[in-house]
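In what follows, a single structure is set out as structure tokens and then discussed.
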Amino acid sequence: MSLLPAADTRALMRRVSALTENRPGIYRMIDPAGRVLYVGKAKRLRTRVLSYFRARDDKASIILQAAHDITWDYQPSEFAAHLAELREIKKHRPMYNVQMNRRRRAVFIALTAGPIPKLALTGVTARAGVRYFGPFSSAVRAGTAIRVINDLLGLRDCADRLPMVLGDQGDLFAEPKRAACPRYEFGTCSGPCGGFVTEAGYRERTEAAVRFLGGYQVQPIDRVIAMMMRAAETQDFEAAARWREKFEALEWLLAASARARLGIDLLSFVYREPGALGDERVYLIRSGLVRATYPYPNTPLELEVFKAVVAGELASPLPPGGPLQAATMDEMLLVMSWFRRHPDALRRTSPFTDWAA
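For what it's worth, this note's numbering labels the leading residue of the sequence shown as 1, then goes sequentially.
Structure follows, in structure tokens:
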């Protein structure tokens, strides 16, 4: 990719300096072919964009030198700028947003796609066919819990490139069955690599994991409790301690999953956001997703219209429970992060029932 000459950089800086204002907004770095290289947001747009021309860090310098033009849109508030940036990134998939994006602190448990899926820890939530659970604050503890679930339910944890042979495929077993790793011999894997489990049998195990992660059943933690109590009764204290560690891992996961679901469910309200220049807006947020945005209703007619919108939302079904949807997860995380970092914003929220009367 060709770099922008210094003279053009100075001309671009003069144009940005002359035309931009210090208002909330988003900006796009555009390459010579008109493709969006990077999308950013700012509470004070002019200050943020001009900072690129003074930047000494590698990220800002690389983006600016690769850009041919900068475009921008003003937004009514910082919250609106966050939402607009997210939607622009989803629309354009800019190269530098993908390559240089900050790592998420939250992690998710993913159940991969395919006939023989596995549980994995991930920070990427955009793969089709994958079911996601979380978010979780501790990658270490979530990883430990995954290993316990795998061992108890006999789920595989091997590399995706390892060939799988299901027990239904009997014509493939001219040679004696063999598992690729010792987990089958230890009794902690059902052996889908060696044909020791059918597709239906393995699906039953993965669905048990889904029901546990979704909070719909206590299996396999009930088995852990039974084994822990049996070891204690026989005074096998070493075994009891090992089962207790497994219990603590699953107990943490259950509690963390419940907190995550509750946190999402609680993000259902009407949020009033004062505009930077008096452009006050209301956001109808349900289960962490922005379902509608309107100017704040200041007249009786506007109020009646907005009440009808709220009533229509209340009449629509809730988003499905269980695994999170990859298509909406980024927005959900954005909304959760906004109210966590701006607790004062919660004072400007009100329940739907206040607007449905």
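Cβ atoms here follow ideal geometry from the backbone N, Cα and C, with glycine treated the same way. None of the values given here were measured: they were computed from a predicted structure.
When you compare only the Cα positions, how much space is there between residue i and residue j?
| i | j | result |
| --- | --- | --- |
| V309 | V49 | 37 Å |
| Q75 | V39 | 14 Å |
| G187 | W252 | 24 Å |
| V148 | R131 | 19 Å |
| L111 | E304 | 45 Å |
| Y96 | S350 | 38 Å |
| T125 | M329 | 7 Å |
| I109 | F339 | 23 Å |
| V270 | C181 | 53 Å |
| R230 | T198 | 31 Å |
| R103 | G123 | Caution applies to R103, whose pLDDT of 48 falls short of 50 and renders its modelled position unreliable; the value that the coordinates give is listed next. About 8 Å. |
| R281 | R56 | 37 Å |
| Y202 | A142 | 22 Å |
| G215 | E245 | 20 Å |
| I146 | L266 | 27 Å |
| R428 | R259 | This structure leaves residue 428 out entirely; the chain is present only between 1 and 357. |
| L318 | R261 | 13 Å |
| L213 | A67 | 45 Å |
| F136 | R54 | 38 Å |
| A113 | D236 | 40 Å |
| A159 | G129 | 18 Å |
| L83 | K41 | 9 Å |
| D73 | N22 | 12 Å |
| E331 | Y52 | 27 Å |
| V140 | L254 | 15 Å |
| K43 | A200 | 53 Å |
| T47 | D8 | 20 Å |
| G312 | D354 | 14 Å |
| V16 | Q65 | 15 Å |
| A6 | I89 | For A6, the predicted structure reports a pLDDT of 46, less than 50, and the residue's modelled location is therefore unreliable. The matter cannot be settled from this model. |
| N298 | S138 | 45 Å |
| P343 | P323 | 27 Å |
Among the options, which one has its Cα closest to the Cα of residue i?
| i | options | result |
| --- | --- | --- |
| D69 | R223, R54 and G34 | G34 |
| Q219 | A231, M229, T206 and R230 | T206 |
| L289 | R23, Q65, R87 and D8 | R87 |
| G263 | E304, L19, A145 and V335 | V335 |
| K91 | P115, L37, V107 and E280 | L37 |
| R127 | Q325, T234 and L277 | Q325 |
| A292 | Q235, D73 and Y283 | Y283 |
| L162 | L346, D279, I116 and A81 | I116 |
| I285 | L277, Y294, D279 and G278 | Y294 |
Short check: CB of residue i to CB of residue j, under 8 Å?
| i | j | result |
| --- | --- | --- |
| M29 | I63 | yes |
| C189 | V165 | no |
| E78 | I26 | no |
| S268 | S287 | yes |
| K118 | D151 | no |
| A249 | T144 | yes |
| Q217 | R211 | yes |
| L45 | T20 | yes |
| L333 | A120 | no |
| R347 | E273 | no |
Can you tell me whether residue i is buried or exposed? The criterion is at least 16 other CB atoms within 10 Å of its CB, across all chains shown.
| i | result |
| --- | --- |
| V98 | exposed |
| S411 | No information on residue 411 is available, as it lies outside the stretch 1 to 357 that the chain covers here. |
| P24 | buried |
| A18 | exposed |
| G134 | buried |
| E233 | exposed |
| L301 | exposed |
| A80 | buried |
| A209 | buried |
| A327 | exposed |
| A226 | exposed |
| P32 | exposed |
| P94 | buried |
| L277 | exposed |
Looking only at its chain, what residues have a beta carbon closer than 8 Å to the beta carbon of residue i, apart from the 5 residues adjacent to it on each side?
| i | result |
| --- | --- |
| F196 | G167, K177, A179, Y184 and S190 |
| D58 | none |
| F247 | I221, V224, I225 and M228 |
| A345 | F79, Y271, E273, W338 and F339 |
| F306 | V282, Y294, P297 and W355 |
Ordered along the chain, which non-local residues of its own chain (more than five positions away) have a Cβ less than 7 Å from that of residue i?
| i | result |
| --- | --- |
| L314 | F352 and A356 |
| R341 | none |
| Y296 | R272, E280, R281 and V282 |
Once you ignore the five residues that flank residue i on each side, which residues in its own chain have a CB closer than 6 Å to its CB?
| i | result |
| --- | --- |
| G154 | C189, S190 and R205 |
| A239 | A231 |
| S61 | A55 |
| G275 | P76 and S77 |
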